[in-house]
Every structure is written in structure tokens, then in C-alpha cells.
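First up is the structure itself, then whatever we jot down about it.
There are 2 protein chains.
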Amino acid sequence: MAVATTSKKQNIINIAAGLFRKNGYKATSIRDLAAAVGIEPSSIYSHVSSKEEILAEICLDSARRFSEGMDKTEKTFKSPADKLHALIQLHLEIAYVFPGSIVVFNGEWKHLPDDRLKEFITSRKNYETRFKSILEAGKNQGVFTFDNAEIVFNIIIQSLTWPYEVSRKYGKAALQTELTNFIMRSLNKNP
Amino acid sequence: MAVATTSKKQNIINIAAGLFRKNGYKATSIRDLAAAVGIEPSSIYSHVSSKEEILAEICLDSARRFSEGMDKTEKTFKSPADKLHALIQLHLEIAYVFPGSIVVFNGEWKHLPDDRLKEFITSRKNYETRFKSILEAGKNQGVFTFDNAEIVFNIIIQSLTWPYEVSRKYGKAALQTELTNFIMRSLNKNP
DNA sequence: CCTACCGATCGGTAGG
DNA sequence: CCTACCGATCGGTAGG
Numbered sequence: 016m017a018v019a020t021t022s023k024k025q026n027i028i029n030i031a032a033g034l035f036r037k038n039g040y041k042a043t044s045i046r047d048l049a050a051a052v053g054i055e056p057s058s059i060y061s062h063v064s065s066k067e068e069i070l071a072e073i074c075l076d077s078a079r080r081f082s083e084g085m086d087k088t089e090k091t092f093k094s095p096a097d098k099l100h101a102l103i104q105l106h107l108e109i110a111y112v113f114p115g116s117i118v119v120f121n122g123e124w125k126h127l128p129d130d131r132l133k134e135f136i137t138s139r140k141n142y143e144t145r146f147k148s149i150l151e152a153g154k155n156q157g158v159f160t161f162d163n164a165e166i167v168f169n170i171i172i173q174s175l176t177w178p179y180e181v182s183r184k185y186g187k188a189a190l191q192t193e194l195t196n197f198i199m200r201s202l203n204k205n206p
Numbered sequence: 016m017a018v019a020t021t022s023k024k025q026n027i028i029n030i031a032a033g034l035f036r037k038n039g040y041k042a043t044s045i046r047d048l049a050a051a052v053g054i055e056p057s058s059i060y061s062h063v064s065s066k067e068e069i070l071a072e073i074c075l076d077s078a079r080r081f082s083e084g085m086d087k088t089e090k091t092f093k094s095p096a097d098k099l100h101a102l103i104q105l106h107l108e109i110a111y112v113f114p115g116s117i118v119v120f121n122g123e124w125k126h127l128p129d130d131r132l133k134e135f136i137t138s139r140k141n142y143e144t145r146f147k148s149i150l151e152a153g154k155n156q157g158v159f160t161f162d163n164a165e166i167v168f169n170i171i172i173q174s175l176t177w178p179y180e181v182s183r184k185y186g187k188a189a190l191q192t193e194l195t196n197f198i199m200r201s202l203n204k205n206p
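Protein chains in written order, with the working numbering: chain A, 16 to 206; chain B, 16 to 206.
Below, the structure written as C-alpha cells:
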């Protein structure tokens with residue numbers, strides 16, 4: 016017997032993430048998912064309790080990845096510039112290795128049931144707060160220049176949130192170089 | 016009799032754009048739309064032939080606005096910097112006055128039927144080509160600096176594509192100032 | 001993991 | 001613009 020690399024449940028969720036990304040959550044039926052997995056529709060419910068639960072696992076898994084990435088970034092780097100640099104890499108890394116993150120970027124989290132939605136938004140706000148702190152620290156130290164940290168945070172997040180197909184056209188390295196240059200040049204007070 | 020400001024059809028499409036933006040195209044039923052308009056579901060079909068047609072009108076209207084904005088920009092301004100500045104304003108202007116554009120930004124155009132999808136993508140590619148020409152001209156004239164025009168185009172477009180609720184938190188003026196500074200500083204070869 | 005099935009809702013039509 | 005309705009598809013359950 017081979018060592019299990021992914022549980023059947025996780026496998027279903029991964030396949031669902033791919034379908035949600037391509038066609039959207041609402042446009043993907045349990046029947047579509049079952050066909051892609053290779054089982055009968057009702058068998059999906061042996062592994063997950065509902066379609067909403069699948070979405071919740073995808074969204075909260077993505078949120079967890081960002082949260083842990085932020086933990087590591089804060090611990091590993093001292094200067095705001097180094098931290099920001101690491102966060103740019105984090106976003107691209109997650110987008111490239113975890114297809115479910117694209118589902119989140121596409122805004123499908125709006126279909127989460129109330130309790131999960133609250134959980135997700137809380138995690139997101141926490142990430143935003145920590146990100147803005149890094150920007151503010153850079154401004155206070157005289158290395159970053161901008162007016163409104165919240166607006167700049169959103170600009171950066173948006174610039175890092177690419178449609179899946181577009182992002183795949185270029186190598187991760189090329190994307191990372193251009194994005195890092197673009198963002199860092201913008202914020203750099205003393206070029 | 017009052018002068019008709021918007022046709023009943025256009026009114027339905029505008030209301031649909033609001034619902035598609037908030038809940039998504041697939042998650043918005045004809046029944047939801049009819050209730051928002053204040054008529055019975057079947058009456059929707061006295062004004063539009065299908066749900067897909069509503070989406071097509073929204074997406075192609077948005078595409079037309081961008082195309083016409085690009086026409087005007089190319090005619091009115093000479094320097095790449097002035098043109099880029101105008102395009103930033105164009106994006107924010109459209110996002111603020113036309114709710115349907117947000118539907119497009121949210122990627123709902125993926126649900127267009129084949130022929131309309133082709134039409135939409137063609138218009139989009141045309142816009143991209145013209146936008147990249149402006150970037151390349153700036154690079155050739157030694158005023159812009161970047162590696163890959165296509166990647167930079169996508170970065171700029173993404174940075175201008177905000178979730179509706181977030182963008183409404185700040186005044187249009189504040190958003191415009193910060194975005195213009197952010198993008199122009201990035202590209203500016205001689206700060 | 002399957003067969004068989006259910007109630008709800010969907011986009012859309014007939015006919016006035 | 002409405003009443004009345006249709007076939008298709010949906011998420012999910014029962015029972016094995």
C-alpha cells in the first residue's frame with residue numbers, strides 16, 4: 016500500500032477548487048464535481064457535508080496560508096522594505112501553488128454561509144491590519160512615501176491579484192521581478 | 016407625460032447590473048430581478064430575450080465605454096505620460112458612474128454565450144494593444160521604465176480594478192490621487 | 001460508494 | 001404586463 020499523500024476529501028476539495036476557479040462556485044454543480052472526481056453525485060456527501068462546506072474549506076485554507084505567511088514574515092525580517100518584499104513573494108507563491116487561492120481572489124467567498132463568512136472576513140481584516148502596520152512603519156522611518164495606508168494596501172493587494180490564465184502566461188520569476196520593481200519603486204522615498 | 020430618461024429595458028439592465036455585481040450572475044435569478052424591478056418574472060421577457068442577453072448588454076456596454084475613452088485619450092493627449100494619466104482617470108470614472116463595469120471587473124463575462132464572448136474578448140484585446148502602445152512609446156522616449164509591457168499593463172489594470180465596496184469607502188478624488196502617484200512614480204524613469 | 005429519489009428552484013413559453 | 005405552466009436541473013437524503 017502506498018502512503019496516502021492526500022485524503023480523498025482533500026482530493027475532492029482540490030478538484031472543486033479548480034472547477035470553482037474556472038466556472039465559478041454557483042455555476043459548478045455537485046454533478047459536475049462528481050464527474051470530475053469520477054464518482055456518482057451522491058457519493059460526494061460521503062466526504063463533505065455540503066457544497067458550502069467545500070467552499071468554506073477552500074476559503075479558510077487560503078486565509079490560513081496568508082496568516083501563516085504573515086507570521087513568518089514578521090518573525091524573519093526587520094525592515095519594512097524586506098517585509099514588503101517577502102509579502103509580494105508570499106502572494107505569488109500562494110497563487111502559484113494553491114489553486115484555491117484564486118477562488119478567493121475571484122470573490123467567491125461572498126457565497127459563504129454567515130458564520131464562515133464572518134470567520135473569513137475577520138481573518139482578512141487581521142491580515143490587512145498587519146500589512147498596513149508594515150506600510151506605516153516604513154513611512155515613519157522615512158523609507159516609504161504615500162498618503163493613505165489603507166488605499167495603498169488595497170492598490171498593492173489588487174496589483175498582486177491576477178486572473179489565473181493571465182498570470183500563467185509569464186513565468187513566476189518574471190512576474191515577481193516586475194511586480195517587486197513596480198511596487199517598491201512606487202513607495203521608495205529616496206530613489 | 017414626462018420625457019423618458021431611460022427606457023424600461025435599460026432600467027431593467029441597470030437593476031440587473033446592481034444584482035449581478037452584488038450576488039453574481041449565476042446567483043441572480045430572473046425572479047430576483049423581477050422582484051427588484053417590481054414586475055412578475057415572465058414580464059422580464061417582454062423587454063429582453065434572455066438572461067444571457069442582459070449580461071451581454073452590460074459587458075459590451077462597458078467595453079464600448081472603454082473603447083470610446085481610449086479614442087478620446089489618443090486624440091486629446093500627445094505625451095505617453097498625459098495619456099496614461101487620462102486612462103487612470105477613465106478607469107475610475109467608468110467604475111464610479113457605471114455599475115455594470117464592476118460586473119465586468121468581477122469576471123462575470125465568462126458566462127457570456129460563445130458569440131458574445133468572442134466579441135467581448137476582441138474588444139478587450141484591442142484595448143490592451145492600444146494601452147501597451149502608450150507604455151512602449153513612453154519607454155522608447157525614455158520617460159517610462161519597465162521590462163515587460165504586457166506584464167506592466169496587467170499590473171496597472173489590476174491596480175485600477177477594485178472591489179466595489181472597498182472603492183466606495185474613499186472619495187474618488189483620494190483614490191485618483193493615490194493611484195496616479197503610485198503608478199506614475201513606478202514608471203517614471205527620472206524622478 | 002451506489003441506486004433511487006425528493007422538493008425546490010431554475011430559465012423560459014403560451015396565451016391572453 | 002399577468003396567470004398558468006413546463007421540462008430541466010439543482011443540492012441533498014434514504015437506505016443499503
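We put the CB at the ideal spot given by N, CA and C, even for glycine. Keep in mind the model is a prediction, meaning the values are calculated, not measured.
Quick one: using the 10 Å Cβ neighbour count with 16 as the cut-off for buried, is residue 123/B buried or exposed? With 16 or more other Cβ atoms within 10 Å, it is buried.
Tell me the DSSP bridge mates of residue 159/A? Partner(s): 203/A.
Closer than 7 angstroms to chain A by CB, residue 207/B: In the structure displayed, chain B extends from 16 to 206; residue 207/B sits before or after that span and is not available.
Check whether residue 153/B and residue 159/B have beta carbons under 7 angstroms apart: Between residue 153/B and residue 159/B, the C-beta spacing is below 7 angstroms.
Could you tell me if residue 60/A is buried or exposed, where buried requires 16 or more neighbouring beta carbons within 10 angstroms of its beta carbon? Result: exposed.
Count the other CB atoms within 10 Å of the CB of residue 116/A; is the residue buried (16 or more) or exposed (fewer)? Under this definition residue 116/A is a buried residue.
DSSP on residue 190/A, reduced to helix/strand/coil? If DSSP states are grouped into helix, strand and coil, residue 190/A belongs with the helices.
When the cut-off is 7 angstroms and only beta carbons count, does residue 104/A lie next to chain B? No - not a single Cβ of chain B is within 7 angstroms of the one on residue 104/A.
6 angstroms Cβ shell around residue 118/A - same chain, five flanking residues per side excluded: Excluding positions up to five away in sequence, the list reads 32, 35, 36 and 73.
Check distances from the C-beta atoms of the region 123-154 of chain A to those of chain B and list, in chain order, the residues that come in under 9 angstroms. Residues passing the 9 angstroms Cβ filter: 123, 125 and 126.
Straight-line CA distance for residue 112/B to residue 101/B? Take the alpha-carbon of residue 112/B and the one of residue 101/B: they are about 16 angstroms apart.
Identify the continuous alpha helix (DSSP H) that holds residue 121/B and give its terminal residues. No alpha helix (DSSP H) holds residue 121/B; DSSP gives it neither H nor E.
Going by DSSP in three states, residue 151/A sits in which element: helix, strand or coil? Three-state DSSP puts residue 151/A in a helix.
Distance, residue 110/A Cα to residue 93/B Cα: Their backbone Cα atoms lie some 38 angstroms apart in a straight line.
Using 7 angstroms as the limit for Cβ to Cβ distance, is residue 169/B near chain A? Answer yes: the Cβ-Cβ gap between residue 169/B and chain A drops below 7 angstroms somewhere.
Contacts around residue 84/A, its chain only, beta-carbon distance under 6 angstroms, and the 5 residues preceding and following it disregarded: For residue 84/A, same chain residues with a beta-carbon under 6 angstroms away, outside a window of 5 residues either side, are 105 in chain order.
Just to confirm the assignment: which complete alpha helix (DSSP H) runs, minimum length 4, are found wholly within the region 87-119 of chain B? Fully enclosed alpha helix (DSSP H) runs of 4 or longer: 95-112.
Just the chain B side, please: which residues come within less than 7 angstroms of residue 111/A by C-beta, in chain order? Within 7 angstroms Cβ-Cβ: nothing; residue 111/A doesn't reach chain B, min ~15 angstroms.
If you reduce the DSSP assignment to three classes, tell me which class residue 138/A lands in. DSSP, reduced to helix, strand and coil, places residue 138/A within a helical segment of the structure shown.
Based on Cα-Cα distance, which residue from 58/A, 125/A, 142/A and 24/A lies nearest to residue 89/A? Measuring from the Cα of residue 89/A, the nearest candidate turns out to be 142/A.
Label residue 53/A either buried or exposed according to how many other C-beta atoms from any shown protein chain fall within 10 Å of its C-beta, with 16 as the threshold for buried. Residue 53/A is classed as exposed because its beta carbon has fewer than 16 other beta carbons within 10 Å across all chains shown.
Residue 27/A, buried or exposed, once every other Cβ within 10 Å from all chains shown has been counted against 16: With 16 or more other Cβ atoms from the protein chains shown falling within 10 Å of its own Cβ, residue 27/A counts as buried.
Taking residue 148/A as the reference, which of 185/A, 177/A, 188/A and 96/A has the closest Cα? Proximity to residue 148/A across 185/A, 177/A, 188/A and 96/A peaks at 96/A, based on C-alpha coordinates.
Determine the direct distance from the alpha carbon of residue 164/A to that of residue 87/A, and round the result to whole angstroms. Straight-line Cα distance between these residues: approximately 22 angstroms.
At the 7 angstroms Cβ level, is residue 193/B part of the contact set with chain A, yes or no? Yes, contact with chain A.
As a quick exercise: from 189/B, 62/B, 22/B and 30/B, pick the residue whose alpha carbon is nearest that of residue 51/B. Closest in C-alpha terms to residue 51/B, from the list 189/B, 62/B, 22/B and 30/B, comes 30/B.
For a contact defined as C-beta to C-beta under 7 angstroms, what are the partners of residue 176/A on chain B? What residue 176/A touches in chain B: 173.
Supposed contact pair residue 126/B and residue 41/B - C-beta distance, whole angstroms, cut 8 angstroms: Cβ-Cβ separation between residue 41/B and residue 126/B: approximately 7 angstroms, consistent with a contact (criterion under 8 angstroms).
First and last residue of the uninterrupted alpha helix (DSSP H) at residue 179/A: For residue 179/A, the enclosing alpha helix (DSSP H) stretches over residues 179-184.
Let me see if you follow: with CB-CB separation under 7 angstroms, is residue 69/A close to chain B or not? Judged by the 7 angstroms Cβ criterion, residue 69/A is not in contact with chain B.
When you compare only the Cα positions, how much space is there between residue 121/B and residue 130/B? Rounded to whole angstroms, residue 121/B to residue 130/B spans 20 angstroms at the Cα level.
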